[in-house]
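Asker:
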Amino acid sequence: MSTINFAAREINFKIVYYGPGMSGKTTNLKWVFQQVPQNRKGEMVSLATEDERTLFFDFLPVDLGEVKGFKTRFHLYTVPGQVFYNASRKLILRGVDGIVFVADSAPNRLRANAESMRNLRENLAEYGIKLEDIPLVLQANKRDAPDALPVEMIQAVIDPEMRLPIFEAIATNGIGVFETLKAVSRQVLARVASAG
Amino acid sequence: MVEPAIALFGGAYEKASHVLEELLRETGARYVLLLDRKGFVLAHKEALWAPRPPALDSLATLIAGNAAATQALAKMLGEPRFNELLHQGATYGLYAEEVGDLALLVIIFDNTAPVGRVKLFGKRAVQSLEVITKEALVEPGTLGIDREYHAGASALLDELFGS
Ligand SMILES: Nc1nc2c(ncn2[C@@H]2O[C@H](COP(=O)(O)OP(=O)(O)OP(=O)(O)O)[C@@H](O)[C@H]2O)c(=O)[nH]1
Ligand SMILES: [Mg+2]
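Protein chains in written order, with my numbering: chain A, 3 to 198; chain B, 788 to 950.
Written out as structure tokens, the structure is:
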């Protein structure tokens with residue numbers, strides 16, 4: 003649930019980038035950090051290992067601006083994708099308002115994509131949330147990989163009903179990064195509007 | 788979401804602010820913060836003499852993450868919860884304590900503030916804050932953000948992330 007701080011007149015939303023290890027979650031956040039103007043972002047915090055794998059999370063606050071007297075802010079997080087970090091991954095999902103699932107387009111990661119989606123479902127269930135009930139968009143990243151699989155094939159394993167929006171991306175060049183973030187943000191906003 | 792939210796405003800916010808102000812005075816700490824468990828700042832106070840604090844957003848996120856990890860560790864050891872979190876360096880100390888299920892109290896102090904006082908008054912403040920935050924709970928879906936807000940926010944999304 004979004005946090006509304008009436009005293010400071012702020013509305014905060016938490017968006018989490020999920021997906022298998024090395025799929026490009028941190029790279030998405032880095033791009034957003036590089037591109038968003040100075041006065042619209044806070045510090046980026048990365049808790050990573052020596053070799054730049056996410057250990058606990060990355061965090062980046064982005065200010066959308068003021069709407070009807072309320073400062074609206076998105077807190078972007080990434081989870082550590084490596085399988086054995088599940089305990090930390092679960093913690094990051096607490097209070098999540100929207101999710102970006104970053105899938106890897108490489109053929110040898112197809113299975114990892116599927117497993118990560120199943121893991122997301124399980125972890126959400128522990129908070130009593132159904133995957134179907136939360137704003138969720140998919141991103142097929144690393145479209146520049148020479149042997150990148152067709153997007154439909156990737157979606158077939160992570161979203162067999164083809165229910166969710168999917169965006170193609172090359173996060174290292176920023177392609178698709180903002181489109182993805184915008185889509186999830188819109189869904190999150192739509193949800194609070196209809197709940198109110 | 789299933790988790791109810793703390794909407795701290797009006798009287799509840801005044802009360803919480805008052806508790807935080809008292810706490811600053813009693814402990815001689817630099818900064819005190821009330822966070823929700825997700826790492827959002829609900830209220831904070833700074834001592835008049837203290838320099839500008841570091842980015843509160845980031846601070847809150849790290850403390851909430853740290854607290855969540857600590858509680859997960861407690862559970863793994865079969866302990867319902869660990870009571871508090873205390874970090875102390877040569878100059879600075881950080882004390883965090885749970886305020887009910889949904890909030891955290893954080894006290895940041897330097898070596899002029901005795902740790903004993905920080906803990907003692909911290910625990911007292913937690914008792915008052917627990918009552919205040921409980922009263923400020925709202926069920927999801929009753930916060931009333933309307934269509935007009937949604938339209939405004941959507942336009943800003945286009946401006947910031949390109950349309
Ligand atoms: N070719 C290519 N490489 C990419 C792309 N996006 C990310 N990478 C690279 O993939 C590697 C892993 O990216 P990260 O963003 O660190 O991956 P992650 O999902 O955060 O990984 P974990 O933190 O382990 O979960 C880095 O070397 C990136 O530069 C892309 O679109 N194309
Ligand atoms: Mg990462």
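Don't be surprised by glycine CBs; every beta carbon is placed ideally from N, CA and C.
In this text the structure is predicted, and so the values were computed from the model without any measurement.
For the region 816-842 of chain B, enumerate the residues whose C-beta is nearer than 7 Å to any C-beta of chain A, in chain order.
Answerer: Asp823, Arg824, Lys825, Phe827, Leu829, Ala830 and Ala842
Asker: Using the three-state DSSP reduction, which class does alanine 108 of chain A fall into: helix, strand or coil?
Answerer: coil
Asker: Using a C-beta cutoff of 8 Å, does aspartate 888 of chain B count as contacting chain A?
Answerer: Answer no: the Cβ-Cβ gap between aspartate 888 of chain B and chain A never drops below 8 Å.
Asker: What does glycine 852 of chain B reach in chain A if we use C-beta pairs closer than 9 Å?
Answerer: Leu49, Phe58, Phe59, Phe61, Ser90, Leu93 and Ile94
Asker: Starting from lysine 16 of chain A, trace the beta strand (DSSP E) in both directions and tell me its first and last residue.
Answerer: 12-20
Asker: Aspartate 60 of chain A: beta carbon under 7 Å from a heavy atom of ligand 2?
Answerer: yes
Asker: Could you please tell me which residues of the region 169-180 of chain A, in chain order, have their CB closer than 7 Å to any CB of chain B?
Answerer: Phe180
Asker: Can you find the residues in the same chain that come closer than 7 Å, C-beta to C-beta, to threonine 174 of chain A, ignoring five residues on each side of it along the sequence?
Answerer: Thr29
Asker: With phenylalanine 981 of chain B as the anchor, note down where its alpha helix (DSSP H) starts and where it stops.
Answerer: For chain B, the structure presents residues 788 to 950; residue 981 of chain B sits outside this window and is missing.
Asker: Under 8 Å, Cβ to Cβ, is there at least one residue of chain A near glutamate 871 of chain B?
Answerer: no
Asker: Heavy atom of ligand 1 less than 7 Å from the Cβ of valine 104 of chain A, yes or no?
Answerer: yes
Asker: List the residues that DSSP assigns as beta-bridge partners of phenylalanine 103 of chain A.
Answerer: Partner residues in the beta bridge of phenylalanine 103 of chain A, as assigned by DSSP, are A:Tyr20 and A:Leu140.
Asker: Is glycine 44 of chain A close to chain B, meaning its C-beta is less than 8 Å from at least one C-beta of that chain?
Answerer: yes
Asker: Compare the Cα-Cα distances from alanine 883 of chain B to each of B:Met863, B:Gln858, B:Gly865 and B:Leu864 and report the closest residue.
Answerer: B:Gln858
Asker: Name the chain B residues that come within less than 7 Å of asparagine 14 of chain A, Cβ to Cβ?
Answerer: Phe827
Asker: Would you check whether ligand 2 has a heavy atom nearer than 7 Å to the C-beta of arginine 91 of chain A?
Answerer: no
Asker: What are the residues in the region 67-78 of chain A lying within 8 Å of chain B by C-beta distance?
Answerer: Gly67, Val69, Lys70, Phe72, Thr74 and His77
Asker: Bridge partners for leucine 62 of chain A per DSSP, in chain order?
Answerer: A:Leu78
Asker: State yes or no: is the C-beta of lysine 27 of chain A nearer than 7 Å to some heavy atom of ligand 2?
Answerer: Yes, the beta carbon of lysine 27 of chain A sits closer than 7 Å to at least one heavy atom of ligand 2.
Asker: Is there a Cβ of chain A sitting closer than 8 Å to that of leucine 811 of chain B, yes or no?
Answerer: Not an interface residue.
Asker: With 8 Å set as the bound, which would you pick, yes or no: does the beta-carbon of glutamate 882 of chain B sit closer than that to a beta-carbon of chain A?
Answerer: Note on residue identity: the sequence assigns tyrosine, not glutamate, to residue 882 of chain B. No, its Cβ sits nowhere closer than 8 Å to a Cβ of chain A.
Asker: What are the residues in the region 181-193 of chain A lying within 7 Å of chain B by C-beta distance?
Answerer: Leu183, Lys184, Ser187, Arg188, Leu191 and Ala192
Asker: Would you mind giving the Cβ-Cβ distance between aspartate 60 of chain A and threonine 80 of chain A, rounded to the nearest angstrom? I have them listed as a contact below 8 Å.
Answerer: 4 Å
Asker: Check whether the Cβ of threonine 182 of chain A lies closer than 7 Å to any heavy atom of ligand 4, and answer yes or no.
Answerer: The model on display carries ligand 1 and ligand 2 but not ligand 4.
Asker: How would you write the range of the alpha helix (DSSP H) that valine 159 of chain A sits in, first residue to last?
Answerer: Start and end: 153-160.
Asker: If you draw a straight line from the C-alpha of proline 840 of chain B to the C-alpha of alanine 158 of chain A, how long is it?
Answerer: 48 Å
Asker: Using a C-beta to C-beta distance shorter than 8 Å, which residues of chain A count as neighbours of serine 941 of chain B?
Answerer: Arg188 and Leu191
Asker: Cutting at 6 Å between CB atoms, please list the residues of its own chain near phenylalanine 180 of chain A, excluding the five before and the five after it.
Answerer: none
Asker: Just to check, is the beta-carbon of aspartate 135 of chain A closer than 7 Å to a non-hydrogen atom of ligand 1?
Answerer: no
Asker: With asparagine 125 of chain A and arginine 91 of chain A assumed to form a contact (beta carbons below 8 Å), what rounded beta-carbon distance in angstroms separates them?
Answerer: 7 Å
Asker: Look at the Cβ atom of glutamate 866 of chain B, then the Cβ atom of valine 886 of chain B, and state whether they are nearer than 8 Å.
Answerer: Result no, Cβ atoms of glutamate 866 of chain B and valine 886 of chain B do not sit closer than 8 Å.
Asker: Given that valine 81 of chain A touches chain B, what residues does it touch there, using C-beta distances under 7 Å?
Answerer: Simply none; closest approach about 11 Å.
Asker: So leucine 93 of chain A is in the alpha helix (DSSP H); what residue range does that whole segment cover?
Answerer: 88-94
Asker: Going by CA-CA distance only, name the one from A:Ala116, A:Gln189, A:Ile177 and A:Leu183 that's closest to alanine 938 of chain B.
Answerer: A:Gln189
Asker: Assuming proline 82 of chain A and phenylalanine 58 of chain A make a contact with CB atoms under 8 Å, what is their CB distance in whole Å?
Answerer: 7 Å
Asker: To the nearest angstrom, how far is the alpha carbon of valine 806 of chain B from that of leucine 860 of chain B?
Answerer: 30 Å
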